[in-house]
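**Q**
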Amino acid sequence: MKQLLIYILTFFSATDLFAQQAKGNLFIIGGGERTPDLMQQLINTAHLSPTDHIAVLPMSSEEQDTAFYYFKIDIEPLCKNTIANLNFTKQNAHDKKMVDSLRNAKLIFITGGDQNRFMEIVTNTPVYDAIHFAYENGATVGGTSAGAALMSRYMITGNQLLDTTYYPTFYSIVKNNIELKEGLGLIDKIIVDQHFVARSRYNRVFSALSEHPDLTCAGIDESTALIVHGNKATVAGESQVVYFRNKGKISVAKNNVIKFEDVRIRIFAPGDSFKLK
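When we follow the working numbering, the leftmost residue of the sequence shown carries the number 14, and every step to the right adds one.
1) Taking the alpha-carbon of Q253 as reference, which of K260, K245, L239, G261 has the nearest alpha-carbon?
2) Is the separation between the beta-carbon of I41 and that of A161 shorter than 7 Å?
3) So, for V140: in the same chain, excluding its five sequence neighbours on each side, which residues have a beta-carbon less than 6 Å away from its beta-carbon?
4) With L99 and L199 assumed to form a contact (beta carbons below 8 Å), what rounded beta-carbon distance in angstroms separates them?
5) What is the residue span of the alpha helix (DSSP H) that I86 lies within?
6) What residue from A147, K103, M164 has the CA that sits closest to V135's CA?
7) Looking at the unbroken alpha helix (DSSP H) that takes in G171, where does it start and where does it end?
8) Below 7 Å between beta carbons: does that hold for E192 and L174?
9) What do you get for K110, buried or exposed, if any count of 16 or more other CB atoms within 10 angstroms of its CB means buried?
10) Determine the contact status of P226 and I271, defining contact as a CB-CB distance below 7 Å.
11) Which of the three DSSP states, helix, strand or coil, is assigned to A118?
12) Compare the Cα-Cα distances from G261 to each of K36, L228, G156 and report the closest residue.
13) Here's a check: name, in chain order, each residue in its chain whose Cβ is nearer than 7 Å to the Cβ of S62, leaving out the five neighbours to either side.
14) What residues in its chain sit with their C-beta under 6 Å from that of N129, if we drop five residues either side in the sequence?
15) Using a 10 Å radius around the Cβ and a threshold of 16 neighbouring Cβ atoms, would you call N190 buried or exposed?
16) Please report the straight-line C-alpha distance between A46 and R166, rounded to a whole angstrom.
17) Check whether the Cβ atoms of G196 and L163 sit closer than 7 Å, and answer yes or no.
18) Which of helix, strand or coil does DSSP assign to K290?
19) Which residue comes first and which comes last in the alpha helix (DSSP H) that contains F273?
20) On the DSSP letters alone, give me the boundaries of the beta strand (DSSP E) that Q253 sits inside.
21) So L222 packs on N259, CB below 8 Å; how close in whole Å?
22) How many whole angstroms separate the CB atoms of L91 and I123, which I take to be in contact at a CB cut-off of 8 Å?
23) Between the alpha carbons of L115 and Y148, how many angstroms are there, rounded?
24) Taking 8 Å as the limit between beta carbons, can you name the residues of its chain near L17, skipping five residues before and five after?
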């Protein structure tokens, strides 16, 4: 009887895990120029049929119509699918027609700008739920720059807690400095950073890793994408993805500086694949 109970619990645990596995893909771009080759890979990843539509979420940007326009001119030469500009606000986040369009999109793209602005609009709204529904049911969710950072469960905001001045990178690796907030949580195994090599954001990622040593960090460079399906990640585009994994003890030394005993760093190029933790 005890063995039967263990079998049943194991079976249902495995079934629940399988049921929670999203059927869709993530196409996480580290910012910068979106080349025709990169956009073609985005289209190929989404497996668009002629009747499928694309939903663009421009809310990260201060100039939403401009962000939509530039995405549209990047992708229109490569596909003829309908492209919807779904510019949600706190006022229209419950608009049923807009939310239904988002839920049923085969490709969702989140533009660059400020990831904090985006999350303030969508958190605890049907928009958040619609993105997850689409992804779990086979849609590809893409994003660039801010739209990449917010894919993670733990989102790098770009702010430092010990310095109110914004810098594109961090100039130290100290305890309790990096600000992390709740992101979309489409991927919970890694913390994503973007513009990575171009802006030398290593200190920022080491700071994030010190806060969540059980997670992996991935720094995606400009004009480069990390394509995620299930437990597999593949690099596409022009540059690199830098992978950070803590393998040892982390401690705090004099002047609040962080000490890592063993960090594994791998640098992946276009065409490389690796398994997520």
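C-beta atoms are modelled at their ideal positions from N, C-alpha and C, and glycine is treated no differently.
**A** Judging by the given coordinates:
1) Looking up residue 253 in the sequence shown gives position 240. Comparing Cα positions, the closest option is L239.
2) Here the question's residue 41 lines up with position 28 in the sequence shown. Here the question's residue 161 lines up with position 148 in the sequence shown. Yes, they are a contact pair.
3) Taking the sequence shown and counting its residues from 1, the one referred to as residue 140 is at position 127. Within the same chain, V140 has close Cβ partners F101, A106.
4) Taking the first residue of the sequence shown as position 1, residue 99 is located at position 86. Taking the first residue of the sequence shown as position 1, residue 199 is located at position 186. That belief does not hold up - the Cβ atoms of L99 and L199 are roughly 17 Å apart, past 8 Å.
5) The count along the sequence shown starts at 1 and reaches residue 86 at position 73. Looking at the DSSP string, the run of the alpha helix (DSSP H) that includes I86 is 77-88.
6) Locating residue 135 in the sequence shown gives position 122, counting from the first residue. The residue with the shortest Cα to Cα distance from V135 is K103.
7) Taking the first residue of the sequence shown as 1, we reach residue 171 at position 158. First-last for G171: 167-173, but that is the beta strand (DSSP E), not the alpha helix (DSSP H).
8) As a first step, residue 192 is located in the sequence shown; it is residue number 179 there, counting from the start. As a first step, residue 174 is located in the sequence shown; it is residue number 161 there, counting from the start. For E192 and L174, yes; Cβs fall inside 7 Å.
9) In the sequence shown, counting from the first residue as 1, residue 110 sits at position 97. Exposed, by the Cβ-count rule.
10) Taking the sequence shown and counting its residues from 1, the one referred to as residue 226 is at position 213. Taking the sequence shown and counting its residues from 1, the one referred to as residue 271 is at position 258. At the C-beta level, P226 and I271 stay beyond 7 Å of one another.
11) Position 105 of the sequence shown, counted from the start, is the residue given in the question as residue 118. Three-state DSSP puts A118 in coil, outside helix and strand.
12) On the sequence shown, position 248 is the one that residue 261 refers to. Nearest of K36, L228, G156 to G261, Cα basis: L228.
13) Residue 62 sits at position 49 when you count from the first residue of the sequence shown. If we look at S62 and ignore the five residues flanking it on each side, it has no Cβ neighbours.
14) Here the question's residue 129 lines up with position 116 in the sequence shown. Answer for N129: T170, listed in chain order.
15) For this step, residue 190 is matched to residue 177 along the sequence shown. The residue is buried, with at least 16 neighbouring Cβ atoms inside 10 Å.
16) Here residue 46 refers to the residue found at position 33 of the sequence shown. Here residue 166 refers to the residue found at position 153 of the sequence shown. Note that residue 46 is Glu in the sequence shown, not Ala. Answer to the nearest angstrom: the Cα atoms are 26 Å apart.
17) Mapped onto the sequence shown, residue 196 falls at position 183. Mapped onto the sequence shown, residue 163 falls at position 150. Contact: yes.
18) Locating residue 290 in the sequence shown gives position 277, counting from the first residue. Coil at K290, not helix or strand.
19) Position 260 of the sequence shown, counted from the first residue, corresponds to residue 273. Premise fails: F273 lies in the beta strand (DSSP E), 271-273, not in any alpha helix (DSSP H).
20) By 1-based counting over the sequence shown, the position of residue 253 is 240. Segment: none, Q253 is in no beta strand (DSSP E) and carries neither H nor E.
21) The count along the sequence shown starts at 1 and reaches residue 222 at position 209. The count along the sequence shown starts at 1 and reaches residue 259 at position 246. Yes, they are in contact, since the Cβ atoms of L222 and N259 sit about 6 Å apart, within 8 Å.
22) On the sequence shown, position 78 is the one that residue 91 refers to. On the sequence shown, position 110 is the one that residue 123 refers to. Not confirmed; about 19 Å, so no contact.
23) Here residue 115 refers to the residue found at position 102 when the sequence shown is read from its first residue. Here residue 148 refers to the residue found at position 135 when the sequence shown is read from its first residue. Those two C-alpha atoms are separated by around 10 Å.
24) As a working note, residue 17 is residue 4 in the sequence shown. Low per-residue confidence applies at L17: pLDDT is 41, beneath 50, and the placement is therefore not dependable enough to give any value.
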